[in-house]
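Structure first, then comments.
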Amino acid sequence: MRKGWKLPHVIRRRILVILLLVQLVVTALPVAARQVRFLERQQEMARSVGIDPLVLELLHGAP
17 MRKGWKLPHV IRRRILVILL LVQLVVTALP VAARQVRFLE RQQEMARSVG IDPLVLELLH
77 GAP
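Plus 16 on top of the position in the sequence shown (first one is 1) and you've got my numbering.
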């Protein structure tokens, strides 16, 4: 009975780390895009009522 082809331990670990990083990026990008759209909408609403976007950032405690 054939056991199959095995990768060395270090290579398996590197592949796992790369896959985890790819998963992190793929799941984080939509969240970041949603936050950017939310902030852009807030700034547009602030402009429409005459509030300077910088004041809005100060009110929200943006760095």
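Yeah, the Cβ is synthetic: ideal placement off N, Cα and C, and Gly gets one too. Here the structure is a predicted model, which is why all the values come from computation and not from measurement.
Asked                                                                     : Found
Distance between A48 and A62 (C-alpha atoms, nearest Å)                   : 21 angstroms
Range of the contiguous alpha helix (DSSP H) that encloses L70            : 69-76
Opening and closing residue of the alpha helix (DSSP H) in which R65 lies : Inspection of the sequence shows that residue 65 is occupied by Val rather than by Arg. Per DSSP, V65 belongs to no alpha helix (DSSP H) and is neither H nor E.
For P46, the three-state DSSP class (helix, strand or coil)               : helix
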